[in-house]
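In our numbering, the protein residues as written are 6 to 267.
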């Protein structure tokens, strides 16, 4: 996969052949959860005395006030972060990073959500280009074992995944290493849930598994403490092939009903 980005300075910039960056992923499928590839930086018609180069893993998210933003999940390792280029010259930079366990997943059972996760390259150059030069390549990221199994367990109880979002706020007390958390909204179309027909399931995932936070859905609220109270239950990655997670999900629902009535 190769994608290009240029400075966003209007038609005048296009006439002067501005700098650009092309991103080439070694493996768009992210086998073994590794992001790796090459960034090709081209100077255009003007020499660049200095190029400051960085790359990040980013996700479309909301702030705790509900404002859209691009959340930085983590930085990527690059082989060269500062260099100069003669006019017309290009420079290749290798980048790599293991996908963090906390990274939001962008699809479930092949169906994509309405937010994206991608690799973003940023160039800051001398002479300066207003706003710098940024480009982003989208990634398709399936869920890890524990979150996928938890969603499947609720499906057994009649709750269907409807949508997902990322909020740029850590879950209090969850021990997360990176910013943000992902939530899925689940709906019981048959009405069997009655008092809990719509749920929000949030994830704090690491290499061991996921701590699931279950609450009544309140999609209009974004700040963690302003949303309804939660009950939690763990799912380990290694136990997903054999554990009775449907019973665990049902117990969490029963606990949530008691909490709602308290």
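All C-beta atoms, glycine included, are put in the ideal place defined by N, C-alpha and C.
Just so we're clear, the structure is a prediction, and the values are computed from it rather than from any experiment.
{"Query": "Beta strand (DSSP E) segment containing residue 238, residue limits", "Result": "236 to 241"}
{"Query": "Integer Cβ distance of residue 31 from residue 41, believed to fall under 8 angstroms", "Result": "5 angstroms"}
{"Query": "Which of helix, strand or coil DSSP assigns to residue 88", "Result": "strand"}
{"Query": "Inside the region 201 to 262 only - beta strand (DSSP E) runs reaching at least 3 residues", "Result": "203 to 210, 214 to 221, 236 to 241"}
{"Query": "Classification of residue 267 by the beta-carbon crowding that lies within 10 angstroms, buried from 16 upward", "Result": "exposed"}
{"Query": "Sufficient close CB pairs (3 or more, under 8 angstroms) joining the region 104 to 120 to the region 202 to 217", "Result": "yes"}
{"Query": "Identity of the residue in 116, 158, 244 nearest residue 251 by Cα", "Result": "158"}
{"Query": "C-alpha gap between residue 64 and residue 161, whole angstroms", "Result": "30 angstroms"}
{"Query": "Residue 256 versus residue 165: straight-line alpha-carbon distance, rounded", "Result": "18 angstroms"}
{"Query": "Cβ-Cβ separation, residue 98 to residue 85 (assumed contact under 8 angstroms), whole Å", "Result": "5 angstroms"}
{"Query": "Inter-stretch contact (C-beta, 8 angstroms, three-pair minimum) for the region 51 to 63 and the region 74 to 90", "Result": "yes"}
{"Query": "C-beta contact flag for residue 27 and residue 49 at 8 angstroms", "Result": "no"}
{"Query": "Complete alpha helix (DSSP H) runs within the region 168 to 193 (minimum length 4 residues, chain order)", "Result": "none"}
{"Query": "Three-state secondary structure (DSSP) of residue 264", "Result": "helix"}
{"Query": "Proximity of residue 82 and residue 100 at Cβ, strictly below 8 angstroms", "Result": "yes"}
{"Query": "Residue 28 in three-state terms, based on DSSP", "Result": "strand"}
{"Query": "Continuous beta strand (DSSP E) stretch holding residue 64: start and end", "Result": "53 to 67"}
{"Query": "Rounded straight-line distance, which links the Cα of residue 224 to that of residue 139", "Result": "31 angstroms"}
{"Query": "Given residue 110 as reference, the closest of 249, 227, 153, 137 once Cα atoms are compared", "Result": "153"}
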